[in-house]
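Asker: Before I ask anything, here is the structure I am working with.
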Amino acid sequence: MVVTNACAPDPRVLRHAVWMQQAGYQVTVHAFDRSENHPMSENYHGVRIMRYRIGKVAYGGTLSTYRGIRRFQRTVIRTLSHDPPHLVYCHDADTLRIGAELKSDGGVPFVFDMHDLQHTWVLYDAPQSRIRAMVSGRMKQRMLSRAAQAETIITSSQQVKKDSHRGFVEWLAHHGLESEAVENRPLPPFGHSKSPPADQWTVGYIGRVRDIKAFELLVQAVKTLPPLHRPKIRVAGDGTAAARVRTMLLDEVEAGTLEAEVSGAFTQAELPELLGEIDVMYAMYSPRRGNILQGALPVKMFDAAAHGVPSLVNDGCLMGDVAKKEGAGLTAPWGDAEAIGRALFELKEQVAVLEATGEREHQRWLTAMQTVLAGLQ
822 MVVTNACAPD PRVLRHAVWM QQAGYQVTVH AFDRSENHPM SENYHGVRIM
872 RYRIGKVAYG GTLSTYRGIR RFQRTVIRTL SHDPPHLVYC HDADTLRIGA
922 ELKSDGGVPF VFDMHDLQHT WVLYDAPQSR IRAMVSGRMK QRMLSRAAQA
972 ETIITSSQQV KKDSHRGFVE WLAHHGLESE AVENRPLPPF GHSKSPPADQ
1022 WTVGYIGRVR DIKAFELLVQ AVKTLPPLHR PKIRVAGDGT AAARVRTMLL
1072 DEVEAGTLEA EVSGAFTQAE LPELLGEIDV MYAMYSPRRG NILQGALPVK
1122 MFDAAAHGVP SLVNDGCLMG DVAKKEGAGL TAPWGDAEAI GRALFELKEQ
1172 VAVLEATGER EHQRWLTAMQ TVLAGLQ
């Protein structure tokens, strides 16, 4: 398996790696330690994680990031060419080059597991840029061309019914590619479940902190509520916008407008404790991220629902359809601070439901991989 983050952790990657191992195969995850602060080799339930250090590389859509990923790709290709595996499992589009080259040069089959639309991130910082649009378009076409060579394509979302918003299965079908959906749902057991707050309540964002505008909107929304009804804001996670979000929230605390607590990166083992601190999960994202309108489903919505915590998500897209269908939360229009504030306040008393868990997704994964695994016998 190949992934361009440090896999420290990446729950979807590790979940699928363990499933592959349970199916009877030895699995090594080749991961890119961009910050160079994780163990270079690690064992996760029998799965080996092999981390590459080839110079520090930031996350984002910059030229230096692109060059760093290219170095990682070339290094992994050289490594795997010396001792070719029986299968390459590509997590996301920025690893497809590795699978395509190993197949072209050595006949090694590969699987494409598409978590999101990677080419849309290039547009995020400057959506009107013609240069970025051209780069994004080329990345998209290269991804589709390489994906067509995969033995099977797995992705993370599909529409819940014919008249609902499209997911990534439908996006790929629109481009002539068949795929199977395996959603990012947690595996039981889950432990504690939410109890409605007696007095003080907390809105949380637990995950990668990448979008400063989402947090600016959250602060605006909280301020629309009467001071005595305002929640505490709890943010946990690292990411490209983490430092700016911390500064913004602590400035608000110093000004006396709200209460907030901010912490950095956390482990998967710490997630249940963090979820136990919050009453509502804030899972709204700027629609400028192409993934949102095309069918992205926030993992934090499923993780929160597993512990009874409802989420507030964007309306007008698939995540809203899923939240309402399952009783996992409510929706609000992006940019409407008053509507978001009202929805957060309504959610504080609610207990969410997770309609299906990772056990269902395991069966979906086995179905998607059936032909591939048969070919490895």
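If you read the sequence shown in my numbering, its first letter stands for residue 822, the second for the next number, and so on. Note that CB positions come from ideal geometry on N, CA and C, so glycine has one too.
1) Starting from Ala-994, trace the alpha helix (DSSP H) in both directions and tell me its first and last residue.
2) Leaving out the 5 sequence neighbours to the left and right, which residues in its chain are closer than 7 Å to Gln-1089 when beta-carbon positions are compared?
3) Less than 8 Å between the beta carbons of Ile-1113 and Val-1024, yes or no?
4) Taking 8 Å as the limit between beta carbons, can you name the residues of its chain near Ala-1164, skipping five residues before and five after?
5) My guess is that Gly-1116 and Ser-978 are in contact by the Cβ rule of under 8 Å, so how many angstroms apart are they, rounded?
6) Looking at the unbroken alpha helix (DSSP H) that takes in Asp-937, where does it start and where does it end?
7) Using DSSP's beta-bridge definition, name the partner residues of Gly-1129.
8) Taking Cβ to Cβ, would you say His-986 is nearer than 8 Å to Cys-828?
9) Note down the Cα distance separating Lys-1034 from Ser-1107, rounded to an integer number of angstroms.
10) Can you name the start and end residues of the beta strand (DSSP E) that Phe-853 belongs to?
11) Going along the chain, which residues of its own chain have a beta-carbon closer than 7 Å to the beta-carbon of Lys-877, five neighbours each way excluded?
12) Around the Cβ of Pro-1010, are there at least 16 other Cβ atoms within 10 angstroms (buried) or fewer (exposed)?
13) Taking only runs of the beta strand (DSSP E) that begin and end inside the region 1146-1177, which ones reach a length of at least 3 residues, in chain order?
14) Would you decide whether His-1128 is buried or exposed? Buried here means 16 or more other CB atoms lie within 10 Å of its CB.
15) In chain order, which continuous runs of the beta strand (DSSP E) of length 3 or greater are located wholly inside the region 1000-1079?
16) Restricting to runs no shorter than 3 residues, where is the beta strand (DSSP E) found entirely within the region 908-961?
17) Buried or exposed, going by whether 16 or more other CB atoms sit within 10 Å of the CB of Asn-1005?
18) Helix, strand or coil for Thr-973, going by three-state DSSP, please let me know.
19) Between Arg-1051 and Val-1043, is the Cβ-Cβ spacing less than 8 Å?
20) With C-beta atoms as the reference, is Arg-918 less than 8 Å away from Arg-967?
21) Express the C-alpha separation of Ala-1158 and Met-935 in angstroms, rounding to a whole number.
22) To the nearest angstrom, how far is it from the Cα of Arg-1055 to the Cα of His-1183?
23) Put Ser-862 into one of helix, strand or coil per three-state DSSP.
24) Quick check: Arg-1031 and Thr-1061, are their CB atoms within less than 8 Å of each other?
Answerer: With the structure as the only source:
1) The residue you call residue 994 lines up with position 173 of the sequence shown. 989-995 is the extent of the alpha helix (DSSP H) around Ala-994.
2) Working through the sequence shown from its first residue, we reach residue 1089 at position 268. Pro-830 and Pro-832.
3) In the sequence shown, the residue the question calls residue 1113 occupies position 292. In the sequence shown, the residue the question calls residue 1024 occupies position 203. No, Cβ-Cβ distance for Ile-1113 and Val-1024 is not below 8 Å.
4) As a working note, residue 1164 is residue 343 in the sequence shown. Result list for Ala-1164: Leu-1133, Leu-1151, Thr-1152 and Ala-1153, in chain order.
5) Taking the sequence shown and counting its residues from 1, the one referred to as residue 1116 is at position 295. Taking the sequence shown and counting its residues from 1, the one referred to as residue 978 is at position 157. Yes, Gly-1116 and Ser-978 are in contact; Cβ-Cβ is about 5 Å, under 8 Å.
6) By one-based count along the sequence shown, residue 937 stands at place 116. Looking at the DSSP string, Asp-937 is not in any alpha helix (DSSP H), and its letter there is neither H nor E.
7) Within the sequence shown, numbered from 1, the residue matching residue 1129 stands at position 308. For Gly-1129, DSSP assigns no beta-bridge partner whatsoever.
8) Against the sequence shown, residue 986 aligns to sequence position 165. Against the sequence shown, residue 828 aligns to sequence position 7. In this structure, Cys-828 does not lie closer than 8 Å to His-986 by Cβ.
9) The count along the sequence shown starts at 1 and reaches residue 1034 at position 213. The count along the sequence shown starts at 1 and reaches residue 1107 at position 286. Lys-1034 and Ser-1107 have their C-alpha atoms roughly 7 Å apart.
10) What you label residue 853 is simply residue 32 of the sequence shown in a count that begins at 1. Segment 849-853, the beta strand (DSSP E) holding Phe-853.
11) Taking the sequence shown and counting its residues from 1, the one referred to as residue 877 is at position 56. Result list for Lys-877: Arg-855, Ser-856 and Glu-857, in chain order.
12) Taking the sequence shown and counting its residues from 1, the one referred to as residue 1010 is at position 189. Pro-1010 should be labelled exposed.
13) The region 1146-1177 contains these whole beta strand (DSSP E) runs: 1150-1153.
14) In the sequence shown, residue 1128 corresponds to position 307, counting from 1. That one is buried.
15) Taking 3 residues as the minimum length, the beta strand (DSSP E) runs contained wholly in the region 1000-1079 are 1023-1027 and 1053-1057, in order along the chain.
16) At a cut-off of 3 residues, the continuous stretches assigned as beta strand (DSSP E) that sit fully inside the region 908-961 are 909-912 and 931-935.
17) Taking the sequence shown and counting its residues from 1, one reaches residue 1005 at position 184. By the 10 Å Cβ count, Asn-1005 comes out buried.
18) The residue given as residue 973 occupies position 152 in the sequence shown. It is a strand residue.
19) If you number the sequence shown from 1, residue 1051 lands on position 230. If you number the sequence shown from 1, residue 1043 lands on position 222. Their beta carbons are under 8 Å apart, which means Arg-1051 touches Val-1043 by this criterion.
20) Taking the sequence shown and counting its residues from 1, one reaches residue 918 at position 97. Taking the sequence shown and counting its residues from 1, one reaches residue 967 at position 146. Taking C-beta atoms as the reference points, Arg-918 and Arg-967 count as a pair closer than 8 Å.
21) For the purposes of this step, residue 935 is identified with residue 114 of the sequence shown, where counting begins at 1. For the purposes of this step, residue 1158 is identified with residue 337 of the sequence shown, where counting begins at 1. Between Met-935 and Ala-1158, the C-alpha separation is close to 32 Å.
22) Taking the first residue of the sequence shown as position 1, residue 1055 is located at position 234. Taking the first residue of the sequence shown as position 1, residue 1183 is located at position 362. About 32 Å.
23) One-based indexing of the sequence shown puts residue 862 at position 41. Correct three-state label for Ser-862: strand.
24) By 1-based counting over the sequence shown, the position of residue 1031 is 210. By 1-based counting over the sequence shown, the position of residue 1061 is 240. Their beta carbons are under 8 Å apart, which means Arg-1031 touches Thr-1061 by this criterion.
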